[in-house]
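Asker: To get the numbering used here, take the position in the sequence shown, counting from 1, and add 343.
Input: one structure, supplied below.
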Amino acid sequence: MTAQRHTLHTWSACVGVAALAAAFSFVPWLYAVGLYQRDAVRAGQWWRIVTAMWVHLDTWHWLADAMAAAGLILLLARVVRPQVIVGALVVCGVLVQVALLNQPAVQWYGGLSGALHGLAAWGGLRLLKPSVSDAEDRFSRWIGVALCVGVLVKVWLEQSWLSPIAFDPHWGFGVVRIAHAFGAVSGLLIWVLWEWRAQGSRQTPH
(Lines of atoms letter the chains of each structure in order from A and count residues from 1; the text may use other names and numbers.)
(Lines give C-alpha, C1' and ligand atoms only; values in the text may rest on other atoms or scores of the structure.)
Protein backbone atom coordinates (compact mmCIF):
# COMPACT_ATOMS: atom_id res chain seq x y z
CA MET A 1 0.00 0.00 0.00
CA THR A 2 1.36 3.41 -0.96
CA ALA A 3 1.90 6.03 1.73
CA GLN A 4 -0.80 8.23 0.21
CA ARG A 5 -3.35 5.42 0.18
CA HIS A 6 -2.43 4.40 3.72
CA THR A 7 -2.97 7.97 4.90
CA LEU A 8 -6.36 8.08 3.17
CA HIS A 9 -7.43 4.82 4.81
CA THR A 10 -6.21 6.03 8.20
CA TRP A 11 -8.21 9.24 8.10
CA SER A 12 -11.21 7.39 6.68
CA ALA A 13 -11.09 5.09 9.70
CA CYS A 14 -11.03 8.09 12.05
CA VAL A 15 -13.98 9.73 10.30
CA GLY A 16 -15.89 6.46 10.05
CA VAL A 17 -15.62 5.72 13.77
CA ALA A 18 -16.69 9.26 14.67
CA ALA A 19 -19.58 9.22 12.19
CA LEU A 20 -20.94 5.85 13.34
CA ALA A 21 -20.73 6.95 16.96
CA ALA A 22 -22.49 10.22 16.08
CA ALA A 23 -25.32 8.35 14.36
CA PHE A 24 -25.99 6.10 17.37
CA SER A 25 -25.60 9.01 19.78
CA PHE A 26 -27.73 11.68 18.11
CA VAL A 27 -30.33 9.80 16.05
CA PRO A 28 -33.07 9.05 18.62
CA TRP A 29 -34.20 5.66 17.34
CA LEU A 30 -30.63 4.40 16.93
CA TYR A 31 -29.86 5.59 20.44
CA ALA A 32 -32.91 3.74 21.76
CA VAL A 33 -32.13 0.42 20.09
CA GLY A 34 -28.35 0.70 20.51
CA LEU A 35 -27.83 1.43 24.21
CA TYR A 36 -26.74 -1.53 26.33
CA GLN A 37 -29.55 -2.49 28.67
CA ARG A 38 -28.82 -5.63 30.65
CA ASP A 39 -32.41 -6.83 30.93
CA ALA A 40 -33.05 -6.23 27.23
CA VAL A 41 -29.97 -8.21 26.22
CA ARG A 42 -30.92 -11.07 28.52
CA ALA A 43 -34.39 -10.99 26.95
CA GLY A 44 -32.91 -11.59 23.50
CA GLN A 45 -31.88 -8.17 22.17
CA TRP A 46 -28.33 -9.42 21.64
CA TRP A 47 -27.47 -6.73 19.06
CA ARG A 48 -27.03 -4.25 21.89
CA ILE A 49 -23.78 -6.05 22.72
CA VAL A 50 -22.47 -4.85 19.35
CA THR A 51 -24.09 -1.41 19.22
CA ALA A 52 -23.60 -0.16 22.79
CA MET A 53 -20.04 1.02 22.19
CA TRP A 54 -21.29 3.49 19.57
CA VAL A 55 -23.92 5.13 21.81
CA HIS A 56 -22.87 8.22 23.78
CA LEU A 57 -24.80 10.15 26.38
CA ASP A 58 -24.12 13.68 25.18
CA THR A 59 -22.02 15.73 22.77
CA TRP A 60 -19.01 16.02 25.06
CA HIS A 61 -19.02 12.29 25.75
CA TRP A 62 -19.07 11.59 22.01
CA LEU A 63 -16.41 14.20 21.24
CA ALA A 64 -14.02 12.88 23.90
CA ASP A 65 -14.29 9.31 22.65
CA ALA A 66 -14.10 10.32 18.98
CA MET A 67 -10.93 12.33 19.60
CA ALA A 68 -9.38 9.52 21.65
CA ALA A 69 -10.22 7.01 18.92
CA ALA A 70 -8.70 9.24 16.24
CA GLY A 71 -5.56 9.73 18.30
CA LEU A 72 -5.09 6.01 18.83
CA ILE A 73 -5.78 5.18 15.19
CA LEU A 74 -3.23 7.76 14.02
CA LEU A 75 -0.60 6.46 16.45
CA LEU A 76 -1.13 2.79 15.69
CA ALA A 77 -1.35 3.32 11.93
CA ARG A 78 2.42 3.78 11.99
CA VAL A 79 2.79 -0.01 11.92
CA VAL A 80 -0.74 -1.46 11.69
CA ARG A 81 -3.25 -1.25 8.85
CA PRO A 82 -6.27 0.96 9.70
CA GLN A 83 -8.71 -1.86 8.93
CA VAL A 84 -6.99 -4.06 11.50
CA ILE A 85 -7.08 -1.25 14.08
CA VAL A 86 -10.83 -0.74 13.65
CA GLY A 87 -11.35 -4.49 13.80
CA ALA A 88 -9.48 -4.67 17.10
CA LEU A 89 -11.55 -1.77 18.45
CA VAL A 90 -14.81 -3.52 17.60
CA VAL A 91 -13.71 -6.88 19.04
CA CYS A 92 -12.62 -5.20 22.28
CA GLY A 93 -15.95 -3.40 22.49
CA VAL A 94 -17.93 -6.61 22.04
CA LEU A 95 -15.83 -8.46 24.63
CA VAL A 96 -16.40 -5.63 27.10
CA GLN A 97 -20.16 -5.86 26.65
CA VAL A 98 -20.14 -9.63 27.08
CA ALA A 99 -18.14 -9.22 30.30
CA LEU A 100 -20.58 -6.57 31.56
CA LEU A 101 -23.36 -9.16 31.45
CA ASN A 102 -21.73 -10.63 34.55
CA GLN A 103 -22.00 -7.28 36.35
CA PRO A 104 -25.58 -6.97 37.70
CA ALA A 105 -24.74 -3.50 39.04
CA VAL A 106 -24.28 -2.26 35.47
CA GLN A 107 -27.84 -2.10 34.15
CA TRP A 108 -27.05 0.13 31.17
CA TYR A 109 -23.96 1.35 29.37
CA GLY A 110 -22.90 3.31 26.33
CA GLY A 111 -19.62 4.60 24.97
CA LEU A 112 -16.31 3.65 23.40
CA SER A 113 -14.18 4.07 26.52
CA GLY A 114 -14.03 0.36 27.34
CA ALA A 115 -13.15 -0.52 23.75
CA LEU A 116 -10.58 2.29 23.64
CA HIS A 117 -8.82 0.95 26.73
CA GLY A 118 -8.64 -2.39 24.95
CA LEU A 119 -7.35 -0.80 21.75
CA ALA A 120 -4.69 1.10 23.70
CA ALA A 121 -3.53 -2.09 25.45
CA TRP A 122 -3.52 -4.17 22.26
CA GLY A 123 -1.95 -1.39 20.22
CA GLY A 124 0.68 -0.64 22.83
CA LEU A 125 1.78 -4.27 22.90
CA ARG A 126 1.70 -4.36 19.11
CA LEU A 127 3.97 -1.32 18.88
CA LEU A 128 6.44 -2.92 21.26
CA LYS A 129 7.00 -5.58 18.64
CA PRO A 130 6.80 -3.93 15.23
CA SER A 131 7.19 -5.87 12.01
CA VAL A 132 10.60 -6.60 10.53
CA SER A 133 10.37 -3.60 8.20
CA ASP A 134 9.85 -1.37 11.24
CA ALA A 135 12.50 -2.98 13.44
CA GLU A 136 14.45 0.26 13.75
CA ASP A 137 11.42 2.40 14.58
CA ARG A 138 12.27 3.20 18.19
CA PHE A 139 9.67 5.95 18.35
CA SER A 140 6.92 3.39 17.82
CA ARG A 141 8.30 1.33 20.69
CA TRP A 142 8.27 4.36 22.97
CA ILE A 143 4.65 5.00 22.02
CA GLY A 144 3.92 1.37 22.83
CA VAL A 145 5.54 1.68 26.24
CA ALA A 146 3.58 4.87 26.98
CA LEU A 147 0.27 3.28 25.98
CA CYS A 148 0.84 0.12 28.03
CA VAL A 149 1.98 2.01 31.11
CA GLY A 150 -0.83 4.54 30.74
CA VAL A 151 -3.51 1.84 30.60
CA LEU A 152 -2.05 -0.07 33.56
CA VAL A 153 -1.75 3.04 35.73
CA LYS A 154 -5.24 4.29 34.86
CA VAL A 155 -6.89 0.92 35.54
CA TRP A 156 -5.01 0.60 38.82
CA LEU A 157 -5.90 4.10 40.00
CA GLU A 158 -9.57 3.60 39.16
CA GLN A 159 -9.75 0.46 41.35
CA SER A 160 -12.87 -0.56 39.45
CA TRP A 161 -12.96 -4.00 41.08
CA LEU A 162 -13.93 -2.24 44.32
CA SER A 163 -16.64 -0.09 42.74
CA PRO A 164 -17.71 -0.87 39.15
CA ILE A 165 -19.48 2.47 38.77
CA ALA A 166 -18.32 5.84 40.09
CA PHE A 167 -20.20 9.11 39.69
CA ASP A 168 -18.07 11.72 37.98
CA PRO A 169 -19.26 15.31 38.59
CA HIS A 170 -17.28 16.47 35.55
CA TRP A 171 -19.38 14.28 33.25
CA GLY A 172 -22.56 14.42 35.29
CA PHE A 173 -23.17 10.68 35.17
CA GLY A 174 -21.82 7.45 36.59
CA VAL A 175 -18.69 6.24 34.80
CA VAL A 176 -18.60 2.46 34.38
CA ARG A 177 -14.96 2.07 35.32
CA ILE A 178 -15.13 -1.71 35.30
CA ALA A 179 -15.56 -1.43 31.52
CA HIS A 180 -12.10 0.14 31.34
CA ALA A 181 -10.58 -2.83 33.17
CA PHE A 182 -12.50 -5.28 31.00
CA GLY A 183 -11.28 -3.39 27.94
CA ALA A 184 -7.64 -3.62 29.02
CA VAL A 185 -7.99 -7.37 29.59
CA SER A 186 -9.71 -7.75 26.21
CA GLY A 187 -6.86 -5.96 24.48
CA LEU A 188 -4.33 -8.23 26.18
CA LEU A 189 -6.34 -11.32 25.21
CA ILE A 190 -6.54 -10.27 21.56
CA TRP A 191 -2.80 -9.59 21.47
CA VAL A 192 -1.99 -13.02 22.97
CA LEU A 193 -4.23 -14.76 20.44
CA TRP A 194 -2.72 -12.66 17.64
CA GLU A 195 0.82 -13.63 18.65
CA TRP A 196 -0.14 -17.29 19.07
CA ARG A 197 -1.65 -17.35 15.58
CA ALA A 198 1.35 -15.53 14.09
CA GLN A 199 3.78 -17.93 15.76
CA GLY A 200 1.82 -20.90 14.44
CA SER A 201 1.95 -19.45 10.93
CA ARG A 202 5.73 -19.00 11.15
CA GLN A 203 6.24 -22.59 12.32
CA THR A 204 4.03 -24.11 9.62
CA PRO A 205 6.24 -25.49 6.81
CA HIS A 206 5.57 -24.07 3.36
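By construction, the Cβ of each residue, glycine as well, lies at the ideal position given by its N, Cα and C atoms.
Quick caveat: nothing in here was measured; it's all calculated off a predicted structure.
Between the stretch 454-461 and the stretch 415-433, are three or more C-beta pairs nearer than 8 Å?
Answerer: The stretch 454-461 vs the stretch 415-433: in contact.
Asker: Count the other C-beta atoms from every protein chain shown that fall within 10 angstroms of the C-beta of Ser483, then say buried if there are 16 or more, exposed otherwise.
Answerer: By the 10 Å Cβ count, Ser483 comes out buried.
Asker: Using C-beta distances below 6 Å, list every residue in its chain close to Cys491, excluding the 5 sequence neighbours before and after it, in chain order.
Answerer: The residues are Gly467.
Asker: May I ask you to report which of helix, strand or coil DSSP gives Gly493?
Answerer: Residue state, collapsed to three classes: helix.
Asker: With DSSP as the reference, please indicate the residues paired to Asp511 in a beta bridge.
Answerer: According to DSSP, which records beta bridges pairwise, Asp511 is partnered with Phe516.
Asker: If you reduce the DSSP assignment to three classes, tell me which class Gln446 lands in.
Answerer: The answer is coil: DSSP assigns Gln446 none of H, G, I, E or B.
Asker: Please report the distance separating the alpha-carbon of Thr345 from that of Ile508.
Answerer: One C-alpha to the other measures close to 45 Å.
Asker: Enumerate in chain order the residues of its own chain whose CB-to-CB distance from Ala413 is below 8 Å, with the five nearest sequence positions on each side excluded.
Answerer: Result list for Ala413: Cys357, Val360, Ala361, in chain order.
Asker: Report the partner residues of Tyr374 according to the DSSP bridge assignment.
Answerer: DSSP, once it has assigned bridges, lists no residue as partnering Tyr374.
Asker: Tell me which same chain residues have a C-beta within less than 7 Å of the C-beta of Ala448, skipping the five on either side of it?
Answerer: Same-chain partners within the cutoff: Pro507, Ile508.
Asker: Out of Ser503, His352, Gly454, Leu462, state which residue places its alpha-carbon closest to the alpha-carbon of Gln380.
Answerer: Nearest option by C-alpha distance: Gly454.
Asker: Would you decide whether His523 is buried or exposed? Buried here means 16 or more other CB atoms lie within 10 Å of its CB.
Answerer: Buried, by the Cβ-count rule.
Asker: Name the DSSP bridge partner or partners of Trp451?
Answerer: Trp451 pairs with Gln380.
Asker: First and last residue of the alpha helix (DSSP H) that includes Met396?
Answerer: Taken as a continuous stretch (DSSP letters only), Met396 belongs to no alpha helix (DSSP H), as it is neither H nor E.
Asker: Quick one, are the C-beta atoms of Leu462 and Gly487 less than 7 Å apart?
Answerer: Cβ atoms of Leu462 and Gly487: not closer than 7 Å.
Asker: Quick check on Gly359: does DSSP put it in helix, strand or coil?
Answerer: Three-state result, Gly359: helix.
Asker: What is the C-beta distance between Phe367 and Trp389, in whole angstroms, given that I count them as a contact (C-beta under 8 Å)?
Answerer: In fact, because the Cβ distance is near 16 Å, the residues do not count as touching under 8 Å.
Asker: With 16 as the cutoff for other CB atoms within 10 Å, does Thr402 come out buried or exposed?
Answerer: Exposed is the call here.
Asker: Rounded to whole angstroms, what is the Cα-Cα separation between Val376 and Ala365?
Answerer: Taking the straight line joining both Cα atoms gives about 14 Å.
Asker: If I measure Cβ to Cβ from Leu373 and keep anything under 7 Å in the same chain, skipping five residues before and after, which residues do I get?
Answerer: Cβ neighbours of Leu373 beyond the five flanking positions: Ala366, Phe367.
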